[in-house]
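The numbering used here runs 10 ahead of the 1-based position in the sequence shown. By construction, the Cβ of each residue, glycine as well, lies at the ideal position given by its N, Cα and C atoms.
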Amino acid sequence: FYVYYLGVANGARLDITGDPTYFVTIICFDSTRTNSDTAVLEIDVQQNQAPVITNANYPTETLTLDALTPVEPATNIYTVTVTDDEDDPYTFSITTVPNVDYFTIGTATGIIETTIDLRAATVDVVTITVSVTDGTHTIDDFNIFITINNMNDRPEITNLPASVTIPETTVGGFQLITLTFNDA
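Structure below.
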């Protein structure tokens with residue numbers, strides 16, 4: 011014979027702050043229902059534990075990415091690993107400083123991927139803060155410091171500002187200036 015927890019009414023969850031201990035009286039009869047035994051089962055509700063980030067360098071990680079090496083959108087650059095004592099499902103999210111859209115995280119997997127080709131990046135240092143929640147507790151203190159090396163420098167227009175003068179009778183299509191650029 012077994013005793014099962016069947017859940018609670020209307021989907022509410024057990025809450026340690028409400029009733030941390032329950033007592034169930036169990037009565038067992040023989041086949042003639044003339045003899046019985048009674049015992050009490052004490053059920054102690056264990057407080058939900060927060061998920062734990064298990065990456066070796068938690069709470070900080072440093073990554074260096076090279077924009078000249080093909081790092082295309084959806085390239086996996088890091089995986090955040092988590093355990094949860096109660097095996098609760100958990101959800102990942104990230105914020106970045108500065109607020110750029112270079113990276114995303116799989117909400118169920120913890121896999122951080124690029125969202126752009128890093129050759130198009132204009133910011134070379136980004137801090138990602140990873141948050142993970144099990145629905146009860148949120149851990150949001152994992153910082154990943156990313157440096158992007160060998161970024162594509164923007165081209166520089168070398169002969170502007172400038173001033174040109176044209177007669178008011180000039181017809182359309184007249185070349186005003188030849189621009190020169192430096193793209194190192």
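About 6 Å separates the Cβ atoms of Ile126 and Tyr112, confirming a contact at the 8 Å cut-off.
Per DSSP, the continuous beta strand (DSSP E) segment holding Asp47 begins and ends at Ser46 to Asp54. Boundaries cannot be given for Asp97, as no beta strand (DSSP E) includes it and DSSP labels it neither H nor E. By alpha-carbon distance to Ala66, the top candidate from Val81, Ala131, Val92 and Thr27 is Val92.
Out of Thr168, Tyr15 and Ala131, the CA that lies nearest to the CA of Val34 is found in Tyr15. Proximity of the segment 98-109 to the segment 124-141 meets the contact definition, three or more beta-carbon pairs being nearer than 8 Å.
Tyr68 is the residue among Ile53, Asp76 and Tyr68 whose C-alpha sits nearest the C-alpha of Asp150. Residues of the same chain with their beta carbon placed closer than 8 Å to that of Asn109 are lacking, with the five preceding and five following residues left out of the count. As computed with DSSP, Tyr32 is found in a beta bridge with Ile53. C-alpha of Pro80 to C-alpha of Thr31: approximately 57 Å in a straight line. By alpha-carbon distance to Gly116, the top candidate from Thr89, Asp47 and Asp40 is Thr89. Val13 is a Cβ neighbour of Leu51, given a cutoff of 8 Å. The residue among Thr146, Thr42, Leu186 and Asp134 with its C-alpha nearest the C-alpha of Leu170 is Leu186.
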